[in-house]
Amino acid sequence: MSNNLDQLTDWLKEHKITEVECLISDLTGITRGKISPTNKFIAEKGMRLPESVLLQTVTGDYVDDDIYYELLDPADIDMICRPDENAVFLVPWAIEPTAQLYADKGWQPIVAPEMEFYLTKRCEDPDFPLQPPIGRSGRPETGRQSFSIEAANEFDPLFEDVYDWCELQHLDLDTLIHEDGTAQMEINFRHGNALSLADQILVFKRTMREAALKHNVAATFMAKPMTG
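So my numbering is basically just the index in the sequence shown, starting at one, shifted up by 93.
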């Protein structure tokens, strides 16, 4: 086995393989497995998978308990899957790495993130659904207000703090708009270096939540936390 693994290791290096898709077939013919970095695959000489993978149905469910525990160890132990050197294939449809090609030409990605979030009432009980917040008019939003200036102005004091705090932190904010959802807002960043903006976004999300709490509302970056 060690000789075969050495040959497989040489083959992976020769073809400059960076990831290995380790596949087995379950009883329904669906491929199950893991995608591992090549170095990890070589070091572990294969992969480990729970035995229960073999008893998944076509829909991803499992067989009845009486059959399940009759066939498998109740501890759901791992199988140790060793590579078959006669079943190694390239994946021609995989996306080829291009980042280094860009770097070689002196290029770098320039991005301008759009940060969408919802404002909600503060919710002290997680069992209750989130509700739209009360703006300065004393009324909550009841419908969609895409690009509405008045709807965004309902929370002017909050957003003034956000822009002031972000300026102090050197976060490069651009425009604010009201998005399509109820109390859904969007703040855009100016174009810039992708890694630098990734760091800024992490700080921005924390800043946005803190500003919301100061004004007795909450901010969430969930995709759709409220109906409407």
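Virtual Cβ for every residue (Gly too), placed ideally from N, Cα, C.
When the Cα atoms are used, Met319 and Leu269 turn out to be separated by approximately 21 Å. Rounded to the nearest angstrom, the Cβ distance from Glu279 to Glu207 is 6 Å, consistent with a contact under 8 Å. A residue is called buried when at least 16 other Cβ atoms come within 10 angstroms of its Cβ; Pro222 does not meet this threshold and is exposed. Secondary structure in the segment 267-300: the beta strand (DSSP E) runs of 3 residues or longer, each lying completely within the stretch, are 277-282 in chain order. A straight-line Cα-Cα distance of about 25 Å links Lys138 and Gln149. The three-state secondary structure of Pro176, taken from DSSP, is coil.
When DSSP reads this structure, Gln149 sits in a beta bridge with Tyr155. For Phe134, the enclosing alpha helix (DSSP H) begins and ends at Thr131 to Glu137. Residue state for Lys106 is assigned as helix, using DSSP reduced to three classes.
Ranked by Cα distance from Pro130, the first of Thr111, Thr124, Leu147 and Cys115 is Thr111.
Residue state for Cys259 is assigned as helix, using DSSP reduced to three classes. Annotation: Leu194 is outside any beta strand (DSSP E); the continuous alpha helix (DSSP H) that includes it extends over Ala192 to Asp197. Shown here, Ala312 sits in a strand according to DSSP, grouped into three states. In the structure shown, Ile170 falls within a coil segment according to DSSP collapsed to helix, strand and coil. The residue among Glu247, Gly153, Leu264 and Asp257 with its C-alpha nearest the C-alpha of Arg283 is Leu264.
Here Phe252 has Leu269 as same chain residues with Cβ atoms under 7 Å from its own Cβ, once five neighbours each way along the sequence are excluded. One alpha carbon belongs to Ser145, the other to Lys127, and they sit about 15 Å apart.
By the criterion of a C-beta distance shorter than 8 Å, Thr102 is surrounded in its chain by Ile135, once the five residues flanking it on both sides are discounted.
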